[in-house]
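Colleague: Have a look at this one before I ask anything.
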Amino acid sequence: MKRNGILAIMRKELARFFSDRRMVVSILLPGVLIYVMYSFMGQAMVSLYGVEEDYVPTVQAVHLPASVADLLEAAGGLNLLEVDEAAVESAKSAVTDQTLDLLAVFPADFDQAVAAYAPDSGRPAPNVELYYNAASTASQSAYMLLTGLLDGYEAQLANKFDINAGGGTYDLATEEDTAGTYFASLMPLLLMIFLYSGCVAVAPESIAGEKERGTIATMLITPIRRGDIAVGKILALALIALLSGASSAIGTVLSLPKLMGAASDGLSANIYGLRDYLLLAAVILSTVVLLVTLISILSAFAKTVKEAQTYVMPLMILVMVLGVTAMFGGGAKTALWYYLIPLYNSVQCMVGVFSFSTVTAGVAAALAANAAYTALGVFLLTRMFHSEKIIFSR
Amino acid sequence: MRELLQVQGLTKTFRLSAKQQKLEKTREKVRVAVDDLSFTAYEGEIFGLLGPNGAGKTTTLRMLATLIRPDSGDAVLDGASVVREPDKVRSKIGFLTSELKLEECFTPNYLFDFFSTLHGVPPEVSRRRKEILFARFGIDRFAEVKVAELSTGMKQKVSLVVSIVHDPDIIIFDEPTNGLDVLTARVVTDFLQELRSQGKTIIVSTHIFSLVEKLCDRVGILIDGRMVCCDTLDNVRQGESLEDRFFDIYRETAGDGE
């Protein structure tokens with residue numbers, strides 16, 4: 000009968016959480032928000048830097064040489080109008096007003112001047128002026144298009160050698176490597192933040208909140224062991240924090256391709272196998288339990304939830320800094336002692352899993368170390384529940 | 003009569019913070035809340051701890067309930083020491099004070115079951131006790147209403163019921179009628195008398211003379227952390243009203259002190 004204590008406390012914590020609709024929403028909402036926000040941001044970026052595909056920019060050209068005219072003709076996708084030199088000023092103001100996308104002014108005898116020009120003569124080369132409007136995406140894309148075409152034309156005039164001209168694949172990194180490096184630099188930070196937020200949303204409320212409301216003493220006058228209260232609370236809180244972390248992580252993974260837009264071609268979490276996911280799950284589990292224990296201890300010092308939230312701030316900064324270290328790249332550390340540093344070891348394990356450079360002994364060391372730290376934390380929290388100074392501090 | 007509660011030389015001091023020292027205009031670093039307190043309560047009686055605010059009543063009861071540890075001395079409740087076997091003591095007592103709150107998001111029904119589990123009461127026994135106690139206090143109609151939505155009086159009744167889910171032989175009650183309306187206060191005092199008739203031992207603390215006169219078999223008067231007088235109600239009163247007698251004693255003691 001006695002050992003039911005842990006279970007009873009866990010059930011109570013979970014019941015308290017799930018009976019409070021506000022709490023449930025506040026835990027699951029971040030995932031939805033992240034999905035909506037990232038998708039929206041990706042969409043906004045695409046429409047900011049891209050032009051609608053069937054848009055035909057209008058370009059006016061002065062002294063359009065035959066060679067360039069052929070070139071533009073062949074490229075297509077331009078509404079090209081030849082105008083007289085007298086129209087330059089009015090065309091410029093049309094570009095400013097965004098009624099015209101681009102004005103190209105060529106030297107009067109462009110083709111002859113180009114043919115006659117010798118680069119080693121030291122004189123300035125014939126100059127083409129392209130007037131555009133950087134505030135208009137259509138104008139800017141017309142400018143890019145024309146610059147590209149003219150650059151290509153120039154290269155073609157004096158072609159001495161090519162780089163990567165064939166149709167072969169020159170980037171020899173596998174799709175896995177590319178995506179792995181990308182995920183390994185970003186996901187550890189995101190995951191750590193999500194897990195931390197999940198823990199901080201529930202632990203201060205459950206520990207400092209019970210102190211503040213005077214409900215923890217009601218439990219302490221029953222024969223239940225203080226250790227059972229500590230363990231029961233930590234397990235239940237970790238479970239809820241995991242739910243919250245999972246909600247955020249799923250939101251991120253689903254919206255990441257949209258956020259990255261075109262750059263995310265072939266970027267998919269499908270590259271990871273079952274073993275990777277199991278490793279990741281083990282690391283996340285041990286991290287959450289440790290985080291909840293740490294936050295619970297800090298909260299137990301506080302008299303109110305508000306105070307507890309102040310106490311855990313430094314921990315948040317630490318978690319973020321540790322998460323950022325994943326961005327330095329280079330795969331997971333191989334020296335074993337890195338995996339004994341709490342929280343930093345979680346980041347290293349995640350980097351390992353995402354970049355396919357898992358150090359198996361390191362992950363094992365990290366899991367063992369986290370279990371030891373958690374046990375120490377539970378012991379400390381139990382001692383705190385025994386202390387009248389902690390429980391009845393005013 | 004069996005001695006169910008023996009308190010021997012119970013002492014508790016608190017350290018005063020710099021802020022508290024300034025607030026109370028004192029330079030002493032420690033405050034003696036309870037000073038070498040000894041008394042005995044017998045099976046089947048209501049024992050009253052009477053004293054003004056700050057006399058050490060709540061501190062004494064908290065030590066008896068094992069919420070705080072005495073600096074020295076001991077109290078033995080039905081054979082279990084608060085210093086050496088606090089777990090055993092907790093299973094023998096029911097403790098109720100306005101400081102111990104119930105979580106407001108739960109229903110009385112859930113809380114009764116939860117605390118029954120913490121006390122290790124078998125489900126079968128718990129179910130029967132719940133039926134009886136809920137009916138006795140009229141909680142049955144509110145069994146599925148969250149505590150947050152109950153009236154103050156009903157909350158107090160639920161707290162009372164929850165504190166005795168395990169049918170303890172010793173019931174410790176800090177200021178039992180404080181903050182209650184007359185109807186609820188009456189229900190509580192009636193219930194305490196009923197418990198006594200079942201042979202339970204009840205310790206109450208209060209500063210209300212009429213409550214002591216109405217309920218208590220024996221009374222201990224606590225002033226500045228010291229037990230200045232402890233006897234049966236009649237012996238303490240010596241024919242006067244308790245109130246007059248208390249002020250006589252208070253004057254004598256305060257005269258001692260200064």
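Which chain is which? The protein sequence lines are A and B, in order. With my numbering applied, the first sequence corresponds to residues 0 to 393, in that order. With my numbering applied, the second sequence corresponds to residues 3 to 260, in that order. Glycine included, each C-beta is placed from N, C-alpha and C at the ideal position.
Name the chain A residues whose beta carbon is nearer than 7 Å to that of Ala67 (chain B)?
Modeller: Position 65 of the second sequence holds residue 67 (chain B). Result: Ile220.
Colleague: For a cutoff of 8 Å on Cβ pairs, would you count Glu204 (chain A) as touching chain B?
Modeller: Along the first sequence, read from residue 1 onward, the residue named residue 204 (chain A) stands at position 205. No - not a single Cβ of chain B is within 8 Å of the one on Glu204 (chain A).
Colleague: In this structure, how does DSSP classify Arg228 (chain B) when only helix, strand and coil are distinguished?
Modeller: Start at 1 with the first residue of the second sequence, and residue 228 (chain B) comes out as number 226. Three-state DSSP puts Arg228 (chain B) in a strand.
Colleague: Please give the ranges of any alpha helix (DSSP H) in the segment 277-322 of chain A, keeping only runs that are unbroken, at least 4 residues long and fully inside the region.
Modeller: Here the runs fully enclosed are 304-310.
Colleague: Could you work out which residue in A:Ile228, A:Tyr271 and A:Ile192 is closest to Ser246 (chain A) when comparing CA atoms only?
Modeller: Locating residue 246 (chain A) in the first sequence gives position 247, where the first residue counts as 1. Ser246 (chain A) has its Cα closest to that of A:Ile192, out of A:Ile228, A:Tyr271 and A:Ile192.
Colleague: Determine whether the Cβ of Ala261 (chain A) lies closer than 8 Å to any Cβ atom of chain B.
Modeller: Your numbering for residue 261 (chain A) matches position 262 in the first sequence. Confidence is the limiting factor: at Ala261 (chain A) the pLDDT is only 49, short of 50, which leaves the residue's position unreliable, though a coordinate-based value still follows. No, because no Cβ of chain B sits closer than 8 Å to the Cβ of Ala261 (chain A).
Colleague: How big is the Cα-Cα spacing for Arg21 (chain A) and Cys107 (chain B)?
Modeller: Numbered from 1 along the first sequence, position 22 holds the residue referred to as residue 21 (chain A). Numbered from 1 along the second sequence, position 105 holds the residue referred to as residue 107 (chain B). Arg21 (chain A) and Cys107 (chain B): Cα-Cα distance of roughly 12 Å.
Colleague: Give me the chain A residues within the contact set of Asp89 (chain B), using Cβ-Cβ distance strictly less than 8 Å, ordered along the chain.
Modeller: As a first step, residue 89 (chain B) is located in the second sequence; it is residue number 87 there, counting from the start. Within chain A, the residues near Asp89 (chain B) are Pro222 and Arg224.
Colleague: With a threshold of 8 Å between beta carbons, is Glu5 (chain B) in contact with chain A?
Modeller: Position 3 of the second sequence holds residue 5 (chain B). With 8 Å as the cut-off, Glu5 (chain B) does not count as an interface residue toward chain A.
Colleague: Exposed or buried, which one is Glu26 (chain B) when buried takes at least 16 other CB atoms within 10 Å?
Modeller: Translated into positions along the second sequence, residue 26 (chain B) becomes position 24. Classification of Glu26 (chain B): exposed, given that the 10 Å Cβ count is below 16.
Colleague: Quick one: Cα of Met349 (chain A) to Cα of Leu279 (chain A), how far?
Modeller: The count along the first sequence starts at 1 and reaches residue 349 (chain A) at position 350. The count along the first sequence starts at 1 and reaches residue 279 (chain A) at position 280. If I take the Cα positions, the gap works out to 7 Å.
Colleague: What residue from A:Tyr142, A:Val23 and A:Pro64 has the CA that sits closest to Leu77 (chain A)'s CA?
Modeller: On the first sequence, position 78 is the one that residue 77 (chain A) refers to. Selected option, being the one with the closest Cα: A:Tyr142.
Colleague: Quick check on Gly329 (chain A) - is its C-beta less than 8 Å from some C-beta in chain B?
Modeller: Looking up residue 329 (chain A) in the first sequence gives position 330. Cβ-Cβ to chain B under 8 Å: no for Gly329 (chain A).
Colleague: Have a look at Gly155 (chain B) and Thr186 (chain B) and give me their C-alpha separation to the nearest angstrom.
Modeller: Counting from one through the second sequence, the residue named residue 155 (chain B) turns up at place 153. Counting from one through the second sequence, the residue named residue 186 (chain B) turns up at place 184. Those two C-alpha atoms are separated by around 6 Å.
Colleague: CB-CB under 8 Å to Leu156 (chain A), same chain, minus the five flanking residues each way: which ones, in chain order?
Modeller: Position 157 of the first sequence, counting from 1, holds the residue named residue 156 (chain A). For Leu156 (chain A), where only same-chain residues beyond five positions count, the Cβ hits under 8 Å are Val113.
Colleague: List, from N- to C-terminal side, the beta strand (DSSP E) runs of 3 residues or more that fit wholly inside the segment 39-113 of chain A.
Modeller: Listed in chain order, they are 57-61, 78-82 and 101-104.
Colleague: Report the partner residues of Lys14 (chain B) according to the DSSP bridge assignment.
Modeller: If you number the second sequence from 1, residue 14 (chain B) lands on position 12. Note: Lys14 (chain B) sits in a beta bridge opposite B:Val36.
Colleague: When you compare the CB of Asn3 (chain A) with every CB in chain B, is at least one pair closer than 8 Å?
Modeller: Numbered from 1 along the first sequence, position 4 holds the residue referred to as residue 3 (chain A). Yes, Asn3 (chain A) counts as interfacial toward chain B.
Colleague: Counting contacts by CB-CB distance shorter than 8 Å, is Arg212 (chain A) in contact with chain B?
Modeller: In the first sequence, counting from the first residue as 1, residue 212 (chain A) sits at position 213. By this cut-off, Arg212 (chain A) is an interface position.
Colleague: Going along the segment 10-25 of chain A in order, which residues come within less than 9 Å of chain B, judged by CB to CB distance?
Modeller: Taking 9 Å as the Cβ-Cβ cut-off against chain B, the residues of the segment 10-25 of chain A that qualify are Arg10, Lys11, Ala14, Arg15, Ser18 and Asp19.
Colleague: At least one CB of chain B closer than 8 Å to the CB of Ala229 (chain A): is that the case?
Modeller: The count along the first sequence starts at 1 and reaches residue 229 (chain A) at position 230. Chain B, which has no Cβ nearer than 8 Å to the Cβ of Ala229 (chain A), makes this no.
Colleague: Pull the bridge partners of Asp220 (chain B) from the DSSP assignment, please.
Modeller: Here residue 220 (chain B) is taken as the residue at index 218 of the second sequence, counted from 1. Just to set this straight, residue 220 (chain B) is Arg in the shown sequence, not Asp. In DSSP, Arg220 (chain B) forms a bridge with B:Phe49 and B:Thr234.
Colleague: Going by the beta-carbon positions, is the gap between Gly122 (chain B) and Pro29 (chain A) smaller than 8 Å?
Modeller: Position 120 of the second sequence holds residue 122 (chain B). Position 30 of the first sequence holds residue 29 (chain A). Cβ atoms of Gly122 (chain B) and Pro29 (chain A): not closer than 8 Å.
Colleague: What would DSSP say about Phe97 (chain B), mapped onto helix, strand or coil?
Modeller: Here residue 97 (chain B) corresponds to residue number 95 of the second sequence, with the count starting at 1. DSSP places Phe97 (chain B) in strand when its eight states are reduced to three.
Colleague: Based on the DSSP output, what are the partners of Ser74 (chain B) in its beta bridges?
Modeller: Mapped onto the second sequence, residue 74 (chain B) falls at position 72. Note: Ser74 (chain B) sits in a beta bridge opposite B:Thr13.
Colleague: Considering only the beta carbon of each residue, do Gln158 (chain B) and Leu182 (chain B) sit closer than 8 Å?
Modeller: As a position in the second sequence, residue 158 (chain B) is number 156, starting the count at 1. As a position in the second sequence, residue 182 (chain B) is number 180, starting the count at 1. Yes; because the gap between Cβ atoms is below 8 Å, this pair is in contact.
Colleague: I'd like to know whether the C-beta atoms of Tyr130 (chain A) and Leu101 (chain A) end up nearer to each other than 8 Å.
Modeller: Within the first sequence, numbered from 1, the residue matching residue 130 (chain A) stands at position 131. Within the first sequence, numbered from 1, the residue matching residue 101 (chain A) stands at position 102. The answer is yes: Cβ separation under 8 Å.
Colleague: Which chain B residues are close to Glu387 (chain A), counting only those with a beta carbon under 9 Å from its beta carbon?
Modeller: Here residue 387 (chain A) is taken as the residue at index 388 of the first sequence, counted from 1. Chain B residues near Glu387 (chain A): Arg64, Leu69, Ile70 and Arg71.
Colleague: Please confirm whether Ala216 (chain A) has its beta-carbon closer than 8 Å to some beta-carbon of chain B.
Modeller: Within the first sequence, the letter at position 217 stands for residue 216 (chain A). So yes, Ala216 (chain A) belongs to the interface.
Colleague: I'd like to know if the segment 55-65 of chain A and the segment 270-289 of chain A are in contact, where contact means that at least 3 CB-CB pairs between them fall below 8 Å.
Modeller: No: the two stretches stay apart, fewer than three of their Cβ pairs being nearer than 8 Å.
Colleague: Check whether the segment 117-130 of chain A and the segment 166-182 of chain A touch, using three or more Cβ-Cβ pairs below 8 Å as the test.
Modeller: The segment 117-130 of chain A, when compared against the segment 166-182 of chain A, does not touch it at the 8 Å Cβ threshold.
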